[in-house]
Every structure is written in C-alpha cells, then in structure tokens.
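The sequence shown begins at 1 in the numbering used here and counts up one residue at a time.
Each residue gets a CB set at the ideal place from its N, CA and C atoms; glycine is no exception.
Heads up, the thing below is written out as structure tokens.
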Amino acid sequence: MTADPNANLKSAPLFDHLEELRKRIVISAVFLVIGMIAAFQYRLQLLELVKVPLNASVLYQQGKVQLVTLNLTDQFILSLNLSFWAGLAIALPFMLTQVWAFIAPGLYDHERRWALPFIIGAGFSFIVGAIFGYTLVLPTMVRFLLDFLNGAVTPILSLGSYIGTVTTFLVAFGLSFELPILAVILTRIGIVNHVLLRKGWRIALVVIMVFAAIITPTPDPTSMLIVAVPLYVLYELGVILSRAFRLPPPETAPDETPALGL
Numbered sequence: 001m002t003a004d005p006n007a008n009l010k011s012a013p014l015f016d017h018l019e020e021l022r023k024r025i026v027i028s029a030v031f032l033v034i035g036m037i038a039a040f041q042y043r044l045q046l047l048e049l050v051k052v053p054l055n056a057s058v059l060y061q062q063g064k065v066q067l068v069t070l071n072l073t074d075q076f077i078l079s080l081n082l083s084f085w086a087g088l089a090i091a092l093p094f095m096l097t098q099v100w101a102f103i104a105p106g107l108y109d110h111e112r113r114w115a116l117p118f119i120i121g122a123g124f125s126f127i128v129g130a131i132f133g134y135t136l137v138l139p140t141m142v143r144f145l146l147d148f149l150n151g152a153v154t155p156i157l158s159l160g161s162y163i164g165t166v167t168t169f170l171v172a173f174g175l176s177f178e179l180p181i182l183a184v185i186l187t188r189i190g191i192v193n194h195v196l197l198r199k200g201w202r203i204a205l206v207v208i209m210v211f212a213a214i215i216t217p218t219p220d221p222t223s224m225l226i227v228a229v230p231l232y233v234l235y236e237l238g239v240i241l242s243r244a245f246r247l248p249p250p251e252t253a254p255d256e257t258p259a260l261g262l
C-alpha cells in the first residue's frame, strides 16, 4: 500500500501553527463582531461624540458649517463604520489575549508572566493615544482648517469624509502610543536593544517629524509640535524600557584551563 506523500507535511509543526493561528483569528473576529453589535446600539451617541471636535470652530458654533451625506446608503454605512472602530476599541483587550495565547507557547516560563502587563499596557496605551489626539490635537486642527478664511466661504463637509479623517487620525495616535510596548517586545525577541535605539535617535526624530506632518494636514507648527513632542517622549520611554527589559547576556563557559603549578 502506497504511503501518502503528504502525510509528513500534514503532521509538520508548521500546520499546527497555522491551525492555531486560524483559531485565534476566528476567536478575535468573534470578539470584534460582539463589540460592533454592542457599539451599533449607540450609533447616535457615537456620531455626536465624533462631532465634538467641531465645537472648536467658530463657524460651527455659529451654525455656518454643514455636515451632509451624499448617497442614500451613507447613513447606514457610516453607522457600521463607527460601530467597527468603537467595537474594535471594546474588543481590543480580548483580541490581545488571543495574540498572547498564540505567542506564549514559544516563550520561556519566566517570560509568560508578562501576559497581563502586555495586555493591559497595549490596550491602555492605545486608549491614551486616542484620547490625547481627540482632546488636544484634533480640535486645534479642526479650528485651523474650518476658520482659515474667517467665514469667507461656507464649509459643507461630507459626513463620510469627516468621520474617515477623524477615525484615521485617532487610530494613528493610538498606534503611535504603542511605541514603548513595541520596543519591549522587539527587545525580548532580540531584534533591537537599547543601544541600537539610542544610536538611532536622530533617524527616529526625522521619522516622527515626517509622521507628525502627515497626520496633521496643517502648516501650523504648533499642531505639528503637539503631535511630535509626545511621540518623541514615547520613543525615549521605549529606550528606557528596552534597557530595563533587555535580554540577559549569554552565560560564558567557565575557564577549564588547568592552572600551572609553581
């Protein structure tokens, strides 16, 4: 009887890892759907929350800014869009537990104790970043852009475009605040260390300034600095954490050369 040539492949560890990855992705998707369903019940409140930064604009306070939809299905699609991002925020801690469950088997026992700090730290950092952008940077950007011509034109904003800009901005800020967590993970994996990060501070500063210029579409240097300064502080925090969580030096074998007698 001829043996199945694919038998060894099917039993290879690679397929076990892929099956485990599929399982974790499915579970994460379930958490995301549950979060979306919960968030969809509050879609009107979410819309009002997204519109809050507009209050920084004088024209909006005077009722001279209009938010409009352009297609029949826009209101439903935008509700789903808001529910997705809000549901992602709700499900994020649970999804991070699945990420950790996937990578934990490859870690040593003493490294697995960082599961709870990793989940809490990553979730907390994302939320803090989004709140920082929402309360400090976004209102400044909105006021600058809407009031730039002092009412010479009446802004008519597509609600879809506005929500897309706001959500992209907040997600970018949330991910940016993950820099310290990323530095710790890459350090523990062995890809980077605090020495490499310290030497690369000039490159990091340039990248941060470019990133700040991209996500703040205003030539106002104040807005760009509001973005760039905390990001660079986060980079420095990542350097400190990388040093604190650096890998221990490899143990050197004891010198077995016999001592010479006199």
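Check the DSSP bridge columns for residue i and list the partner residues they point to.
{"i": "Ile-156", "result": "Gln-66"}
Below 8 Å on the Cβ atoms is my contact criterion, and I expect residue i with residue j to pass it. Report the Cβ-Cβ distance as a whole number of Å.
{"i": "Pro-155", "j": "Val-65", "result": "5 Å"}
{"i": "Phe-84", "j": "Gly-129", "result": "Actually they are not in contact, since the Cβ atoms of Phe-84 and Gly-129 sit about 18 Å apart, beyond 8 Å."}
{"i": "Phe-94", "j": "Phe-126", "result": "Not a contact, Cβ separation roughly 13 Å."}
{"i": "Leu-241", "j": "Val-184", "result": "5 Å"}
{"i": "Gly-87", "j": "Ala-29", "result": "Not confirmed; about 11 Å, so no contact."}
{"i": "Phe-132", "j": "Thr-187", "result": "The pair is not a contact, with the Cβ atoms about 24 Å apart (cut-off 8 Å)."}
{"i": "Ile-208", "j": "Leu-231", "result": "5 Å"}
{"i": "Leu-47", "j": "Leu-82", "result": "7 Å"}
{"i": "Leu-247", "j": "Gly-190", "result": "6 Å"}
{"i": "Leu-136", "j": "Tyr-60", "result": "The pair is not a contact, with the Cβ atoms about 18 Å apart (cut-off 8 Å)."}
Which of the three DSSP states, helix, strand or coil, is assigned to residue i?
{"i": "Leu-247", "result": "coil"}
{"i": "Gln-41", "result": "coil"}
{"i": "Val-210", "result": "helix"}
{"i": "Thr-73", "result": "coil"}
{"i": "Val-233", "result": "helix"}
{"i": "Ile-185", "result": "helix"}
{"i": "Asn-55", "result": "helix"}
{"i": "Thr-216", "result": "coil"}
{"i": "Ala-192", "result": "According to the sequence provided, residue 192 is Val. The question's Ala does not apply to it. It is coil, neither helix nor strand."}
{"i": "Ala-253", "result": "The pLDDT assigned to Ala-253 is 44, lower than 50, so where the model puts this residue is not dependable; a value taken from the coordinates is nonetheless given after this. Looking at Ala-253 - three-state DSSP - the assignment turns out to be coil, as it is neither helix nor strand."}
{"i": "Gly-35", "result": "helix"}
{"i": "Gly-200", "result": "coil"}
{"i": "Glu-178", "result": "coil"}
CB-CB under 7 Å to residue i, same chain, minus the five flanking residues each way: which ones, in chain order?
{"i": "Leu-179", "result": "Leu-234, Tyr-235 and Gly-238"}
{"i": "Leu-92", "result": "Gly-123 and Phe-126"}
{"i": "Phe-102", "result": "Glu-20, Leu-21 and Arg-24"}
{"i": "Met-224", "result": "Ala-212, Ala-213 and Thr-216"}
{"i": "Leu-197", "result": "Ala-183, Gly-238, Val-239 and Ser-242"}
{"i": "Leu-170", "result": "Ala-130, Gly-133 and Tyr-134"}
{"i": "Leu-115", "result": "Checking the sequence, you will find Ala at residue 115 rather than Leu. For Ala-115, where only same-chain residues beyond five positions count, the Cβ hits under 7 Å are Trp-100 and Ala-104."}
Take residue i and list the residues in its own chain whose beta-carbon comes closer than 8 Å to its own, dropping the five residues that flank it on each side.
{"i": "Thr-69", "result": "Gln-75, Leu-78, Ser-158, Leu-159 and Gly-160"}
{"i": "Val-166", "result": "Val-50, Pro-53 and Leu-138"}
In its own chain, which residues sit with a C-beta less than 6 Å from the C-beta of residue i, not counting the 5 before and 5 after it?
{"i": "Gly-121", "result": "Ile-181"}
{"i": "Gly-35", "result": "Gly-87, Ile-90 and Ala-91"}
{"i": "Ala-204", "result": "Tyr-235"}
{"i": "Arg-143", "result": "Ala-56 and Ser-57"}
{"i": "Asp-109", "result": "none"}
Can you check the region 79 to 166 for any beta strand (DSSP E) of at least 3 residues that lies completely inside it and give the ranges in chain order? 156 to 158
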